[in-house]
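What follows is one structure encoded as structure tokens, with my remarks underneath.
In the working numbering, the protein residues as written are 12 to 167.
Right under this line is the structure:
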């Protein structure tokens with residue numbers, strides 16, 4: 012057999028096959044991890060929208076208990092939302108995300124929007140706990156406006 016730097020050609024081919032398979036699996040794992048994060052983000056955004064609709068209904072019914080429970084979910088999402096927008100999770104033709112590249116171009120502005128959303132959600136929770144319908148209506152409107160503004164600026 013032909014020897015090349017003391018490595019048998021068959022061994023070298025096996026090593027190259029191993030490296031190639033490893034790289035393919037690693038790249039697919041990375042892509043699938045990113046895709047999973049994006050799908051989770053999309054689901055969380057849709058869930059957040061449904062919860063905001065439920066809160067609106069709770070307010071119309073003056074049901075502060077259910078409103079508080081729903082607002083807790085919004086608060087929890089506001090606390091972790093930024094983690095679902097890492098660099099490299101931009102929209103593409105294959106991942107169904109509508110996140111604009113402006114999120115990452117203007118990340119500080121995006122984070123400011125998320126922080127305003129968090130503050131509004133916290134205010135909404137306090138207002139629901141205090142059974143203050145007028146303030147809850149206002150803080151709900153502020154929270155919803157923050158969502159809409161962010162979507163206008165950072166969604167395709």
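All C-beta atoms in this analysis are idealised placements derived from N, C-alpha and C, irrespective of residue type, glycine included.
Only a predicted model underlies this, so the values are computations on that prediction, with no experimental measurement involved.
In the DSSP assignment, the alpha helix (DSSP H) including residue i goes from what residue to what residue?
i, result
"residue 167", "Residue 167 -> no alpha helix (DSSP H), and no H or E assigned at all."
"residue 80", "75 to 91"
"residue 132", "118 to 140"
How close, in whole Å, do the beta carbons of residue i and residue j come, if the pair is a contact with beta carbons under 8 angstroms?
i, j, result
"residue 63", "residue 93", "Incorrect: roughly 19 angstroms between the Cβ atoms, too far for contact."
"residue 69", "residue 78", "4 angstroms"
"residue 51", "residue 95", "7 angstroms"
Does the beta-carbon of residue i have 16 or more other beta-carbons within 10 angstroms, so that it is buried, or is it exposed?
i, result
"residue 12", "Note that residue 12 has pLDDT 48, beneath the 50 cutoff, so the model's placement of it is unreliable and no number is given."
"residue 82", "buried"
"residue 129", "buried"
With a CB to CB cut of under 7 angstroms and the five nearest residues on each side skipped, what residues in its chain are close to residue i?
i, result
"residue 53", "107, 108"
"residue 75", "139, 142"
"residue 45", "99, 100"
Residues in its own chain within less than 8 angstroms of residue i by CB, not counting five upstream and five downstream?
i, result
"residue 166", "109, 110, 111"
Which same chain residues, not among the five before or five after residue i, have their C-beta less than 6 angstroms away from its C-beta?
i, result
"residue 153", "131"
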